[in-house]
Every structure is written in structure tokens, then in C-alpha cells.
Amino acid sequence: MKTLREYIQEAEEKKVAIGHFNVANLEMLWGVFNVAREVNVPVIIGVSEGERDFVGLRQAVALIQSLHEEFNHPVFLNADHSYSFERVKEAVDAGFDMAIFDGAKLSFEENIKITKQCVEYAREKGGKTLIEGELGYIGEGSNLKEKLPEGAELKTKPEEAEKFANETGVDLFAPSVGNIHGIVKGGNPYIDAELVKEIRKSAGVPLVLHGGSGITDVDFTKAIEAGISIIHISTELRLAYQKALKFSLQEAPEELAPYKILKPAMLAVQKAVENRLKLFNRVG
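In terms of our numbering, the sequence shown opens at residue 270 and continues consecutively.
Here you go:
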């Protein structure tokens, strides 16, 4: 099977994007993986610091490895939004396929310093784990927002992206190009496709779009054509899961079997993932 790096390169060449979906339990994992197999495309499973703590670091690695072994399908594991070198280090040591150091809140210099430290450590350990750096304001929290948070207008500058990528040696780069974590009730801002194109050229490494929930299909397509290779989705899955679970509990309040209660939530996640994977990969 090809490596994640090779699948990313292939996505760039084909002008498609690999879907990255955050999961917090087994139902969500099956919901994502089932669709990836049906659509026959690679997929990245993301676990944030909180999700890693809940699922278990090595348990997450073992789950993905078991899917590899049983189904021989390209599914990869990402340590999403790690806020310290230590959290990146533990993901590298555990065998994650990629890890993100999120130093967006730090000064430019400090962000470069720690991101570079993460890159050097991953390379020392053999380079299996790709390291992603982040620069610019993307916000926090996979949730519904009443309005755009302060700082949403602060986008990544191409010249800073170039300096960041050159000095850190990152494998992947996550810019701020109008994307915001979570879903804004009044509508998410549009994605600046021209800025994506400029940053891809200046950074010289594949680009990752965070905060994909709430972005329009048109903006997704433009972003992919401009140079986005991986797209993160989380809030959409959480909303679908929560809505289906509430309905399941209301419809069968006497049901005690967890697998029966939780199945509608898994199916809701599948439906949300199917829409995105087909769009990102130009299927159907």
C-alpha cells in the first residue's frame, strides 16, 4: 500500500482532496471508514488532544492498524491540533501517520521554533509521521458559533508562509484563508482561492484546509483547484451524530442495547461523510 505522502502527492496531481474526519468513538470511526471503502478513496482519521485522551493514544493506533490488516484500505491516523511538543512527540512515538503542531496562538518566531523541533524529532524517528504546521487565525472549537470570532479577518500572508515552511521543514502547511473552526450560524466566510494559490506556490508544500464544516460546495471546489490537498471536517459529524442520537433515544426510550441506540448515529455520520468524500474526490 502507498504511504500517506504518496496519496497526498496523488491528490495534488489529480486536483482532488483527501477527506480528514475527526472521530471520538468506534461508531464514528466505522461511519467514516465504511464510506471511504464504498467510495474507494483514501481517508484520514483525526483525533484531537481531547479525543486522544478519551479513546486512548495507542488504542487509536491499534484500531487503525486493525482496519489496515483486515480490509487493506488506505486509512491513516492524524494527531490533530497538538498544542505542545510533548503531545506531538507522544503521537510520533505511538506510530501516528501524521501530527499537527498548532502554534497559531504563539508568536511567529516561537511557532517556527517548536514546529521545527517537532519536524526534527519525527525525522530522527524515521520520518513515518508527517508533521503539519499552522499559521494564521483559524479559531477554536468544533461547535456552533453565533457570529464570526474576533481575528477571523487575519489571513496568512504568502511571504510568511514561505519563511515558515523553509525554516521549519514541515511536510504539510495549514493556512488561514477565510476558514474558521466550527459553523457560524449566519454563514461561514468565503474561502479566498487566490490566496490559497499564492500560499501553495510560496510555501512549496501541500496545503491543508481546517474548519471545513460550513464551507459551501463551490468554495470547496475552488479551494481544491487552487491547491488544497486535505480537508478537515469535524463539527458537521458531531451535529449529525448528536441529532440522530437524540432522535434514537426519543423514539425508543425503553431500549437498553447500546448498539441499537447508537446505530442511527453511526448511519448519520456515514451520510455526512459520503457527501463530503464524493465532493472532495469528484465522484458521482
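We put the CB at the ideal spot given by N, CA and C, even for glycine. Bear in mind that the values here come from a model prediction, so they are computed numbers and not experimental data.
Whole-angstrom Cβ separation of isoleucine 497 and valine 439, contact assumed at under 8 Å? Not really, about 16 Å apart at Cβ, beyond 8 Å.
Measure the CB-CB distance between isoleucine 369 and alanine 430 and report whether it falls below 7 Å. no
Looking at the secondary structure, which residues open and close the beta strand (DSSP E) in which phenylalanine 554 lies? Any property of residue 554 remains undetermined from this structure, which presents the chain solely from 270 to 553.
For asparagine 341, report the span of its alpha helix (DSSP H) as first-last. Element bounds for asparagine 341: n/a, residue is neither H nor E.
Report the CB separation of glycine 395 from threonine 384 in whole angstroms; it is logged as a contact under 8 Å. Between threonine 384 and glycine 395 the Cβ distance is about 19 Å, and since that is not below 8 Å, they are no contact.
Compute the distance between the beta-carbons of phenylalanine 433 and isoleucine 500, then report whether it is under 7 Å. no
Per the contact definition of three or more C-beta pairs closer than 8 Å, is the region 512 to 525 in contact with the region 458 to 478? no
Backbone CA spacing between glycine 315 and phenylalanine 365 [nearest angstrom]: 10 Å
In the DSSP assignment, find the unbroken beta strand (DSSP E) run with leucine 399 in it and report its ends. 399 to 404
Can you tell me which residues form a DSSP beta bridge with asparagine 291? Gly315
Check this for me: beta carbons of alanine 541 and leucine 518, under 7 Å apart or not? no
Where leucine 531 falls: helix, strand or coil (DSSP): helix
Which same chain residues end up closer than 8 Å to threonine 425 when comparing Cβ atoms and leaving out the 5 residues on each side of it in sequence? Leu404, Gly405, Pro444, Ser445, Val446, Leu464, Ile468
For the beta strand (DSSP E) that contains proline 444, what are its first and last residues? 441 to 444
Look at valine 361 and threonine 398 and say whether their C-beta atoms are less than 7 Å apart. yes
Just grab the DSSP bridge partners of alanine 495 for me. DSSP lists no partner for alanine 495.
Shortest alpha-carbon distance to glycine 553 belongs to which of Val310, Leu273, Gly300, Met297? Val310
Mind checking whether aspartate 488 and isoleucine 460 have CB atoms under 7 Å apart? yes
Going by C-alpha distance, which of Thr504, Glu359, Lys470, Gln539 is nearest glycine 483? Thr504
Environment of methionine 270 [buried if 16+ CB atoms lie within 10 Å]: exposed
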